[in-house]
Amino acid sequence: MDALNKIIKSRYFYLYLLAALNLLVAYFYVQKPFQNYSDSYIYYDAMTYLRGDETAASPIVFNMILRAPFMLYLTLFFNYFIDSLPWSMMVINIIFYILIIYVFYQMVFEIYKDHKTAALSSVLLFSNYIMFSYGTAFLIDMGGWFFFILSSFFAIKYYNDDSRRKYYFIAAALSLIGVFFKETGALGLITLAMLILLSGFSFKRKVKEIIFAGALVFAPLLIYHIWFYLKFDLTYFYSFIYDLQISASAPAAAGINFLTYAFIHFIKVMAWLYSIGWALFLFGMWQEKRFFDFQRSKILLAMLPASLTFLVWPQLVQRVAFIFVPWLALTSGFGLSKVKNRFLIAGILALYLLTNYLIAHRVA
Numbered sequence: 001m002d003a004l005n006k007i008i009k010s011r012y013f014y015l016y017l018l019a020a021l022n023l024l025v026a027y028f029y030v031q032k033p034f035q036n037y038s039d040s041y042i043y044y045d046a047m048t049y050l051r052g053d054e055t056a057a058s059p060i061v062f063n064m065i066l067r068a069p070f071m072l073y074l075t076l077f078f079n080y081f082i083d084s085l086p087w088s089m090m091v092i093n094i095i096f097y098i099l100i101i102y103v104f105y106q107m108v109f110e111i112y113k114d115h116k117t118a119a120l121s122s123v124l125l126f127s128n129y130i131m132f133s134y135g136t137a138f139l140i141d142m143g144g145w146f147f148f149i150l151s152s153f154f155a156i157k158y159y160n161d162d163s164r165r166k167y168y169f170i171a172a173a174l175s176l177i178g179v180f181f182k183e184t185g186a187l188g189l190i191t192l193a194m195l196i197l198l199s200g201f202s203f204k205r206k207v208k209e210i211i212f213a214g215a216l217v218f219a220p221l222l223i224y225h226i227w228f229y230l231k232f233d234l235t236y237f238y239s240f241i242y243d244l245q246i247s248a249s250a251p252a253a254a255g256i257n258f259l260t261y262a263f264i265h266f267i268k269v270m271a272w273l274y275s276i277g278w279a280l281f282l283f284g285m286w287q288e289k290r291f292f293d294f295q296r297s298k299i300l301l302a303m304l305p306a307s308l309t310f311l312v313w314p315q316l317v318q319r320v321a322f323i324f325v326p327w328l329a330l331t332s333g334f335g336l337s338k339v340k341n342r343f344l345i346a347g348i349l350a351l352y353l354l355t356n357y358l359i360a361h362r363v364a
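Using the UniProt record's numbering, the letters of the sequence shown map in sequence onto residues 1 to 364.
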């Protein structure tokens, strides 16, 4: 009984209770995780090839193996216990979903030193429809998001206490591991580099630490890509060019010029991405101005470039743009924490949840 009371009184209890509700909505109402996406077929063929079926070989399959080998092999490992490749990956994604909630909470607390802000920001992140519906599907995005947030968390811990050098190495190591789950898994390295740039270190130390962290990640990655090219005659640019060709054909198909199409598409994706959360973000920015903290502002600024890297990818969809949501949720949660009326906060969160459930159903 005492153990149960401790669980219920834990600051994470209601967060995970809400997360469970999100998963129930995703799997039994929206049912998006059960859908087969074009990428899902590629993952399936890639894992079939890795199990020894040469008939599954193709450039796009090899490209997927190049981009996400750890996620594919981890799925194959789970497949020993779960007799379904899609379900094996979905179980992994659910585990990542659970872990992200804890890690993101800790990261927000590391920045704001406030449990209320950490809780509210976490709800805004894990209740975003992209995370609980697309993220838990037969797709590889969740692994990248997890390592991005985890490596950024340790980068922030290093910035806040540079005497603990282990956080520097952990952040770099997690970026290296993360990039083998998905490209976005390496974005914490950008956060680490930006935090070092904005730190009070000497110029020499800044240059040295940024170059060394970059070498820790890119040297093994470069060796892997060279080996892969020699073995499969394929580089990472295959995927980039492939997506670029798809994006380039879209304006012509819609019958409008490229700039008009790009602008309309960007606005549409951004609107779906954070829905009513944009109002919370603007309110949060106002609160950041009212309660300005120089150190906190540098951390938020350092996290922004990595969060905006979705803009360089040629095919802009909500799943790609989701890496922007953690940054938006930080400021939004801070703003919401300044609302005094608890019932108003509950109402706003309920509206946010309902909106995301409806959007998830609408875009399913």
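Even glycine gets a Cβ: it sits at the ideal position worked out from N, Cα and C.
Which listed residue (the options) has its alpha carbon closest to that of residue i
i	options	result
Phe62	Lys182, Phe232 and Val108	Phe232
Gly347	Ile223, Leu280, Gly178 and Leu23	Leu280
Arg67	Ile130, Ala46 and Ala215	Ala46
residue 412	Val123, Leu353 and Leu174	This structure does not reach residue 412, given that the chain is present from 1 up to 364, and the question cannot be answered.
Leu304	Met194, Phe34 and Phe180	Met194
Leu273	Val325, Tyr105 and Ser88	Val325
Asp39	Ile65, Lys268 and Phe283	Ile65
Gln295	Glu54, Ser88 and Tyr112	Tyr112
Leu99	His225, Phe292 and Gly144	Gly144
Ala321	Leu300, Ile267 and Ala350	Ile267
Ser275	Ser202, Arg51 and Asn356	Asn356
Leu358	Gln35, Asp162, Tyr129 and Val179	Tyr129
Phe180	Leu74, Arg290 and Lys338	Leu74
Ala19	Leu76, Phe263, Arg290 and Ser133	Ser133
Tyr44	His265, Ile82 and Met89	Met89
Trp327	Gln35, Val108, Leu15 and Leu349	Val108
Leu23	Lys182, Gly135 and Asp53	Gly135
Pro314	Ala350, Tyr229, Ala302 and Tyr238	Tyr238
Beta-carbon proximity check, residue i vs residue j, cutoff 7 Å
i	j	result
Ser121	Ala329	yes
Gly185	Phe148	yes
Phe126	Ile101	yes
Gln287	Gly335	yes
Asn93	Met142	yes
Ala137	Lys32	yes
Thr48	Ala57	no
Ser199	Leu189	no
Leu85	Asn79	yes
Ala219	Leu192	no
Val30	Ala360	yes
Leu316	Val269	yes
residue 367	Lys206	The chain is shown only over 1 to 364; residue 367 falls outside these bounds and no answer can be derived.
Ala118	Tyr105	yes
Ile323	Phe343	no
Glu110	Ile170	no
Thr331	Gly284	yes
Gly168	Tyr158	Reading off the sequence shown, one finds Tyr at residue 168, where the question assumed Gly. Closer than 7 Å, so yes.
Chain D within 7 Å of residue i, Cβ atoms only
i	result
Met90	You won't find chain D in this structure, because it holds only one protein chain.
Buried versus exposed call for residue i [16 or more other C-beta atoms within 10 Å across all chains shown]
i	result
Trp227	exposed
Leu187	buried
Arg362	exposed
Leu17	exposed
Pro59	exposed
Ala26	buried
Thr260	exposed
Glu209	buried
Arg319	buried
Asn341	exposed
Ser337	buried
Leu139	buried
Val103	buried
Ser297	exposed
Ile264	exposed
Leu354	exposed
Ser152	buried
Three-state secondary structure assigned by DSSP to residue i
i	result
Phe291	coil
Arg342	helix
Ser163	coil
Phe180	coil
Asp141	helix
Arg205	helix
Asn356	helix
residue 365	The question about residue 365 has no answer, for the chain in this structure spans 1 to 364.
Pro326	helix
Ser10	coil
Thr235	coil
Pro220	helix
Gly200	coil
Leu230	helix
Val312	helix
Ile256	coil
Val317	coil
Legend entry - Runs of alpha helix (DSSP H) wholly within the region 75-137 (minimum 4 residues, chain order): Listed in chain order, the complete alpha helix (DSSP H) runs (minimum 4 residues) inside the region 75-137 are 85-112 and 115-126.
Inset, instruction - Please go through the region 16-74 and give each complete alpha helix (DSSP H) segment of 4 or more residues, from N-terminal end onward. - result: Qualifying alpha helix (DSSP H) stretches, in chain order: 38-50 and 59-67.
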